[in-house]
Structures are given as C-alpha cells and as structure tokens.
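Data block below; observations after.
Residue numbers (UniProt numbering): 1 to 95.
Here is the structure:
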C-alpha cells in the first residue's frame, strides 16, 4: 500500500524532490530551446508566471493535467517530457 506524503521516509522525500527538480529543469531547458519566456509559457499552460518559476525550480509539483499542458506548449509528448526528466535525474552517462 502506498504511503501518504505525510508518512514518507527521508530518502523517499529526497527522491521526490530530485524528481521535481529534474522535471522543472527539463521544462526550463525546453522552454529556452524554444525561445519562450516564462510568461509566454505560463500563458500557454494557463498558470501564473510564479507557477512556472516554482515548477522550473522544483519547488512544487503539478497535476497530470498541467504536465500535459506543459508538454503541449513545448511541443513534446508527456511521455517524452518525463523521459527527458528521468534521464536528467539519472545524471550523465558514464564514458
């Protein structure tokens, strides 16, 4: 049975934070590649600029609906957005 957020271990909380940060960094990188400002992305996703700042900074999570709107605005599939974030979280490939 999954634990509620109030009962996560410190390791689980840290992993959750790393995932949020990786996803936020991925969104920021794609936004910059596409030449969008945070305000333009916020307008496309229908959230505030502050919301974009918090998501890009890994300070807050988002619903699946908002994730899908980010993916649409950035021209990628939601699965691609998550895969890019997962790759970022894993770190660079060993050489």
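A virtual CB, placed ideally from N, CA and C, is assigned to each residue, including glycine.
Exercise. Starting from residue 62, trace the alpha helix (DSSP H) both ways and give me its first and last residue.
Key: Sequence index remark: in the chain shown, residue 62 carries index 62 (1-based). It is not in any alpha helix (DSSP H) - residue 62 carries neither H nor E in the DSSP assignment.
Quiz item: Per DSSP, what kind of secondary structure is residue 94 in: helix, strand or coil?
Solution: Indexing the chain shown from 1 puts residue 94 at position 94. Bear in mind that a pLDDT of 49 at residue 94, under 50, signals an unreliable position, so the model cannot answer this.
Quiz item: From what residue to what residue does the alpha helix (DSSP H) around residue 23 run?
Solution: For the purposes of this step, residue 23 is taken as residue 23 along the chain shown, with counting starting at 1. Its alpha helix (DSSP H) spans residues 10–33.
Quiz item: From residue 49 to residue 27, what distance separates their C-alpha atoms?
Solution: Looking up residue 49 in the chain shown gives position 49. Looking up residue 27 in the chain shown gives position 27. Roughly 13 Å between the two C-alpha positions.
Exercise. Please classify residue 79: does DSSP put it in a helix, a strand, or coil?
Key: Mapped onto the chain shown, residue 79 falls at position 79. Residue state, collapsed to three classes: helix.
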